[in-house]
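One structure is given below, encoded as structure tokens.
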Amino acid sequence: MRKGSGLVACGLLLAAGLWAQAALAEVIHVRLIGSNQTDNPLLHYRQALLESAIRAAGHTPDVQFCSLPEGVTSDRRAATEVGLGTRCNMLATSIGAPFSSQLDLIPVPLYLGGGGYRVLLRAEQDAALDGITSKEALASLRVGGGTTWVDSDIYRANGLRVVTSEYPNLFPMLKAGRFDVLPRAIFEVLPEVDHFGPGLVIDNRLLLHYPSDLFFYGSPENKRTNEIVAAGLDIMYHNGSFQALLRSHDSTRLALQQLDLPARIVITLENPYLSEEQQEILRRYRPEWQDPFPATQAAQ
């Protein structure tokens with residue numbers, strides 16, 4: 012082969028390689044259910060996690076929020092919207108919710124199982140939690156929960172009395188004494204107190220735990236996007252960047268620093284709403300600080 016021909020051949024191979032690489036590194040469009048609240052750290056975390064996962068899988072992320080109609084807060088309505096896949100194609104909700112069965116589960120938990128740890132919100136002057144150290148004692152109180160949340164069903168299955176309403180109503184109802192405590196995930200509670208306070212206090216003694224977490228659910232109409240996000244999250248978990256994001260992001264870092272988890276009494280609840288496959292997912296991905304916490308007394 013003449014020298015010039017060799018250079019041309021090499022150039023063609025290089026161009027073909029670059030074209031293939033560019034084709035693989037496509038822009039992945041995610042429209043995630045969530046309001047466009049620029050100051051909401053919970054939504055910022057979900058966006059950052061999705062963007063990092065898509066990059067880890069070798070693609071370019073385009074992650075934006077997709078709002079539901081004004082006044083609509085139901086996860087069931089959100090799941091219907093995502094199922095259509097036309098305007099919104101992904102949401103984050105608790106695993107085990109029956110309305111999510113129509114969607115594709117992306118099988119890596121948003122908080123590596125940490126979403127199953129709950130602290131208790133109470134009204135500022137309410138002393139109902141004084142002396143409570145067990146599930147049986149907690150059953151004497153009224154627990155708040157979302158109308159369509161699988162968490163509310165979990166509390167009922169464990170013998171707790173549950174008062175339900177739509178999410179935004181729960182915080183004023185707690186202040187008004189309609190129920191005694193509102194369990195909130197450790198990574199959700201600080202921004203919620205900032206937003207819905209004053210008049211709310213985070214109990215500093217107890218920690219509920221049951222196998223659960225938030226997961227991304229994708230539209231069945233966008234299977235390639237769902238597969239790319241799942242692959243990227245798994246890559247992040249195994250290379251440590253997932254754990255690094257949990258340690259560093261404001262919405263998670265502050266919770267681990269301020270809630271003093273190791274000092275709390277853990278009250279363990281059962282979750283009868285998980286399939287064996289879902290239980291295995293939660294066993295596969297574990298937070299760095301997985302229970303049992305050092306020096307923590309577990310109460311059944």
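With positions in the sequence shown counted from 1, the corresponding number in the working numbering is that position plus 11. Think of the CB as a built atom: it goes at the ideal place given N, C-alpha and C, for glycine as much as any other residue. Remember, predicted model here, so these are calculated numbers, not experimental data.
According to DSSP, residues forming a beta bridge with T158
Answer is none; T158 lacks a bridge partner.
Report the partner residues of D115 according to the DSSP bridge assignment.
By DSSP's assignment, D115 forms a beta bridge with G229.
Identity of the residue in A64, E291, T158, G126 nearest T236 by Cα:
Answer by Cα proximity: A64.
Who pairs with F182 in a beta bridge, going by DSSP?
F182 pairs with nothing; no bridge assigned.
Comparing C-alpha positions only, which one of E37, V74, P52 sits nearest to A266?
Ranking E37, V74, P52 by CA distance to the CA of A266 puts P52 first.
So the beta strand (DSSP E) H40 belongs to, where does it begin and stop?
The continuous beta strand (DSSP E) containing H40 extends over residues 38–44.
If you draw a straight line from the alpha carbon of Y166 to that of S286, how long is it in whole angstroms?
A straight line joining the alpha-carbon of Y166 with that of S286 spans about 18 Å.
Are N169 and E281 touching if we call contact CB-CB under 8 Å?
Contact check for N169 against E281 passes: the beta carbons are separated by less than 8 Å.
With a cut-off of 8 Å, do at least 3 Cβ pairs link the segment 114–125 to the segment 214–221?
Three or more Cβ pairs closer than 8 Å define a contact, and the segment 114–125 falls short of that threshold against the segment 214–221.
Looking only at C-alpha atoms, which of D164, I213, R264, L152 sits nearest to F182?
Comparing Cα positions, the closest option is I213.
Just to confirm the assignment: which complete beta strand (DSSP E) runs, minimum length 3, are found wholly within the segment 185–241?
Within the segment 185–241, the complete beta strand (DSSP E) runs of at least 3 residues are 193–196, 211–213, 217–220, 225–229.
Kindly indicate which residue of L54, G45, I39, T91 has the alpha-carbon position closest to the one of G69.
Closest in alpha carbon position to G69, among L54, G45, I39, T91, is I39.
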